[in-house]
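Protein chains: 2
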Amino acid sequence: MESLKENQMTQNPDVAGMLRAHGILPTQQRLMIARVLFSRRQHYSADQVMNSVNDGRDRVSKATVYNTLGLFARNGLVREVIVDPTRVFYDPNTSDHHHFYNIDTGELLDIDTSDLRISDLPELPEGTVAAGVDVIIRVRAETATN
Amino acid sequence: MESLKENQMTQNPDVAGMLRAHGILPTQQRLMIARVLFSRRQHYSADQVMNSVNDGRDRVSKATVYNTLGLFARNGLVREVIVDPTRVFYDPNTSDHHHFYNIDTGELLDIDTSDLRISDLPELPEGTVAAGVDVIIRVRAETATN
DNA sequence: GTCAGTGCAAACCCTTTGCAGAAAG
DNA sequence: CTTTCTGCAAAGGGTTTGCACTGAC
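Residue numbers (this note's numbering), protein chains in the order written: chain A, 159 to 304; chain B, 159 to 304.
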């Protein structure tokens, strides 16, 4: 039990604390979902989270997965990435960065802010305040014969 | 009949020709949809196109609206803008440009390329070729209490 | 014991599809 | 006349919701 806990800790520094820090009560299901997101630190669709969480014996329902991801996003624990009209991706990396999106494979990759500079930001439309900047570089598989 | 045609021409330079130039057979319904897109030159969700096209007496079915917008997008007549997981926007402006998206109102505004410069584009992931760059500046209504 | 969280299934909404009838060339 | 397009209604797929049960504190 102690070793299990230690093992988890190495991969996921205090997930429960992260949840609390974002005003989220750390329940079992939420912890399971958060561990998936923060151990691999990739991008996940709700469906992928569903599968990753439920490959073991302990199960989390679909409704809870969706509700929890929405909760995490609202509270700033993860970032929603909108690149595909058919599904939302959740990104555990909330620091300022951008994305490659492979339209053939559905793969999503981070682009560090230092690798892409935006200058001459235009004035915002009247009566609005900035809420975020998303840069998506769409790519295709080179071999795509199409 | 002549004056009607002239009137349309002022707003929409040769819509039929545009369709043909993109390899699209200009049928009545497609012309009606294209006229909506190219007379006001704004951004439309499929539903907004549906409503605009069908405010008159001549009607176009929902299936045809969706299929036609998809066809237009595949053939490069319009650009799909993915900013909201709940709906796709269609942009009759196919020149290189970016967008403001008001997450409160759903309003979409163009940003000219000259008003926003991207430099230091990172190397593409191995085995991929560029397919497009989308920059979305998300804004909120200033007064949003939320 | 009280209140928030969870699970299930059904509801939702946008979008796509199957197929018969209509229109275009 | 042949081929493509259109319309309708039904299916599809990701996401949300209603409500009773469970678990957290």
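For glycine and all other residues, C-beta sits at the position ideal for the given N, C-alpha and C.
Only a predicted model underlies this, so the values are computations on that prediction, with no experimental measurement involved.
Residues sharing a beta bridge with residue i, DSSP
| i | result |
| --- | --- |
| Asn260 of chain A | A:Val297 |
| Asp242 of chain B | B:Arg245 |
| Asp268 of chain A | A:His257 |
| Thr226 of chain B | Note: Thr226 of chain B sits in no beta bridge, so no partner. |
| Val291 of chain A | B:Ile295 |
| Ile276 of chain B | A:Ile276 |
| Ser197 of chain A | Note: Ser197 of chain A sits in no beta bridge, so no partner. |
| Arg237 of chain A | A:Asp249 |
| Ser203 of chain B | B:Phe247 |
| Thr286 of chain A | B:Ala299 |
When the options are compared against residue i, the one with the closest alpha-carbon
| i | options | result |
| --- | --- | --- |
| Leu282 of chain B | A:Glu284, A:Val194 and A:Ala299 | A:Ala299 |
| Arg198 of chain B | B:Pro250, B:Ser219, B:Met176 and B:Ala221 | B:Pro250 |
| Leu279 of chain A | B:Ile269, B:Gln187, B:Leu183 and B:Glu265 | B:Ile269 |
| Gly285 of chain B | A:Gly228, A:Thr301 and A:His180 | A:Thr301 |
| Val241 of chain A | A:Asn225, A:Thr226 and A:Thr263 | A:Thr263 |
| Val291 of chain B | B:Phe247, B:Ser210 and B:Val239 | B:Val239 |
| Asp273 of chain A | A:Asp254, A:Gln206 and A:Met190 | A:Asp254 |
| Leu267 of chain B | B:Val218, B:Tyr202, B:Ala174 and B:Pro184 | B:Tyr202 |
| Gln200 of chain A | A:Leu229, A:Pro184, A:Lys220 and A:Phe247 | A:Phe247 |
| Glu265 of chain A | A:Ala288, A:Met176 and A:Gln206 | A:Gln206 |
| Thr252 of chain B | B:Thr244, B:Pro243, B:Arg245 and B:Arg237 | B:Arg237 |
| Leu229 of chain A | A:Arg245, A:Pro184 and A:Thr271 | A:Pro184 |
Exposure label - residue i; buried when at least 16 CB within 10 Å
| i | result |
| --- | --- |
| Thr303 of chain B | The predicted position of Thr303 of chain B is uncertain, since its pLDDT is 46 and thus under 50; a value taken from the coordinates is nonetheless stated next. Exposed, by the Cβ-count rule. |
| Val287 of chain A | exposed |
| Glu164 of chain B | Confidence at Glu164 of chain B is low in this model, with a pLDDT of 41, below 50, so the placement of that residue is unreliable and no value is reported for it. |
| Leu162 of chain B | Interpretation of Leu162 of chain B is limited by its pLDDT of 42, a score under 50 that renders its predicted location unreliable; no figure is taken from the coordinates. |
| Asp172 of chain A | exposed |
| Met176 of chain B | buried |
Expected contact under 8 Å - CB spacing of residue i and residue j to nearest Å
| i | j | result |
| --- | --- | --- |
| Thr222 of chain B | Gln186 of chain B | With 8 Å as the limit, Thr222 of chain B and Gln186 of chain B do not qualify as a contact, their Cβ atoms being about 10 Å apart. |
| Leu227 of chain B | Ala204 of chain B | 6 Å |
| Asn212 of chain B | Val218 of chain B | 6 Å |
| Leu195 of chain B | Ala174 of chain B | Their Cβ separation, rounded to whole angstroms, is 14 Å, which puts Leu195 of chain B and Ala174 of chain B out of contact at 8 Å. |
| Ser277 of chain A | Arg245 of chain B | Incorrect: roughly 31 Å between the Cβ atoms, too far for contact. |
beta-carbon residue i near the ligand NAD non-hydrogen atom, thresh 7 Å
| i | result |
| --- | --- |
| Val291 of chain B | Absence of the ligand NAD is noted for the structure shown, with no ligands found whatsoever. |
Would the segment 259-270 of chain B count as touching the segment 284-297 of chain B if we require 3 or more Cβ pairs under 8 Å?
yes
The segment 221-235 of chain A in contact with the segment 171-183 of chain A per 3-pair CB rule at 8 Å
yes
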